[in-house]
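K.L.:
One structure coming up, written as structure tokens, with questions to follow.
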């Protein structure tokens with residue numbers, strides 16, 4: 023991606039929708055899936071496969087709002103970071 027003007031040109035070529043909507047969604051989705059995957063992996067190592075499956079399904083059903091909150095929180099932070107980067111490079115390129 024590069025630094026300075028090259029970075030802003032790259033951001034402009036991707037567009038605002040990509041920088042403020044698609045990229046944060048993909049990043050927060052991937053991070054959330056990794057967190058859940060590691061949680062399941064460690065539960066499987068600690069409790070065995072059958073008991074871990076039961077605990078994991080119960081946890082997902084009862085704690086879905088926490089997972090959703092983490093996903094939305096990561097999305098908001100990443101989108102705000104991209105807005106700040108966009109404005110910084112826009113002002114710097116003038």
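In the numbering used here, the protein residues as written are 23 to 116.
We put the CB at the ideal spot given by N, CA and C, even for glycine.
Throw me the rounded Cβ distance for the residue 29 and residue 100 pair, which I believe falls under 8 Å.
P.N.:
Residue 29 to residue 100, Cβ: 16 Å. No contact.
K.L.:
Rounded C-beta distance between residue 79 and residue 54? I'm assuming under 8 Å.
P.N.:
Incorrect: roughly 17 Å between the Cβ atoms, too far for contact.
K.L.:
Taking all protein chains shown into account, decide if residue 32 is buried (16 or more other Cβ within 10 angstroms of its Cβ) or exposed.
P.N.:
Under this definition residue 32 is an exposed residue.
K.L.:
Take residue 70 and list the residues in its own chain whose beta-carbon comes closer than 8 Å to its own, dropping the five residues that flank it on each side.
P.N.:
Closer than 8 Å at Cβ, skipping near neighbours: no residue.
K.L.:
Whole angstroms is fine: what's the gap from residue 23's alpha carbon to residue 40's?
P.N.:
Reliability of the predicted coordinates at residue 23 is poor, the pLDDT of 47 falling under 50, and no value is obtained from them.
K.L.:
Can you tell me where the alpha helix (DSSP H) holding residue 78 begins and where it ends?
P.N.:
71-84 is the span of the alpha helix (DSSP H), which, as asked, contains residue 78.
K.L.:
Would residue 87 be called buried (16 or more neighbouring beta carbons within 10 Å of its own) or exposed?
P.N.:
Exposed, by the Cβ-count rule.
K.L.:
Assuming residue 56 and residue 65 make a contact with CB atoms under 8 Å, what is their CB distance in whole Å?
P.N.:
About 15 Å; that fails the 8 Å criterion.
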